[in-house]
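Inspection log for the structure reproduced underneath, given as structure tokens.
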DNA sequence: CCCTGATTCGC
DNA sequence: GCGAATCAGG
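Residue numbers (the UniProt record's numbering): 1 to 203.
What follows is the structure in structure tokens.
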């Protein structure tokens with residue numbers, strides 16, 4: 001692959017948006033993050049101007065003042081998202097095949113809270129017949145969850161959604177995922193059920 | 001260990 | 001100009 005005008009443009013765009021070199025490399029395909037970084041330097045745009053950086057690296061500049069619209073939440077490199085990026089996340093997460101169901105209340109005190117203006121929450125696919133052991137394990141693990149945002153997920157982090165996507169009280173597990181699987185051990189347990197899990201489980 | 005960008009240097 | 005290898009760091 002060579003650096004065609006198009007590819008360079010995409011590179012510039014993503015770089016200025018604060019995307020990491022590896023992310024850009026993935027998007028472009030056919031190049032490694034090293035190639036991207038090398039190109040970035042040759043183009044002389046190592047200094048990301050115009051957008052916030054910070055994804056995971058560092059580049060902690062002087063925040064000066066100016067109170068942003070977004071309160072706490074997190075410090076990730078949310079490029080263009082002045083609004084609350086909570087909801088759309090769930091839809092994009094490619095962790096939907098199974099039937100997520102977070103009935104573990106203990107973790108979040110405020111649960112029965114309001115439901116913004118959004119839709120009435122998709123009908124939870126009759127969640128389950130999941131073994132109580134697995135459920136117990138999940139509620140334990142959720143306490144230790146890394147509470148990652150969509151952008152912080154990687155191929156090695158558990159993508160199990162926790163909480164209500166329509167609420168601020170939403171995040172992804174983020175614990176180390178099982179190799180090849182999209183979830184951590186505990187969540188793999190509830191996500192992938194044998195065809196007849198508890199039904200005839202004599203013992 | 002995962003990841004980040006920065007530099008070097010043979011091609 | 002390119003990018004793998006390497007370096008420096010969170």
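Just so it is clear, CB atoms sit at the ideal spot from N, CA and C, and this is done for glycine as well. Remember, it's a predicted structure, so these values are computed and weren't measured experimentally.
- In this structure, residue 189 lies away from residue 147, with their beta-carbon atoms at least 8 Å apart.
- For residue 132, there is no enclosing beta strand (DSSP E); the enclosing alpha helix (DSSP H) covers residues 132-144.
- Its chain contains 12, 15 and 16 as the residues whose beta carbon lies nearer than 8 Å to that of residue 45, once the 5 sequence neighbours on both sides are disregarded; these appear in chain order.
- With contacts defined as CB atoms closer than 8 Å, residue 157 and residue 177 qualify as a contacting pair.
- By a beta-carbon distance limit of 8 Å, residue 1 does not contact residue 36. Their separation comes to about 11 Å.
- If you look at residue 3, you'll find it isn't in any beta strand (DSSP E); DSSP assigns it neither H nor E.
- Taking 8 Å as the upper bound for CB-CB distance, residue 159 and residue 172 are in contact here, some 6 Å apart.
- Where residue 163 is concerned, the enclosing beta strand (DSSP E) starts and stops at 161-163.
- Annotated three-state conformation of residue 28 is helix, per DSSP.
- Setting aside the 5 residues that flank it on each side, residue 22 is surrounded in the same chain by 33, each with a C-beta closer than 6 Å to its C-beta; the list follows chain order.
- Residue 45 sits in coil when the DSSP states are folded into three classes, being neither helix nor strand.
- In the three-state DSSP reduction, residue 175 falls in the coil class, being neither helix nor strand.
- In the DSSP assignment, residue 170 is bridged to 163.
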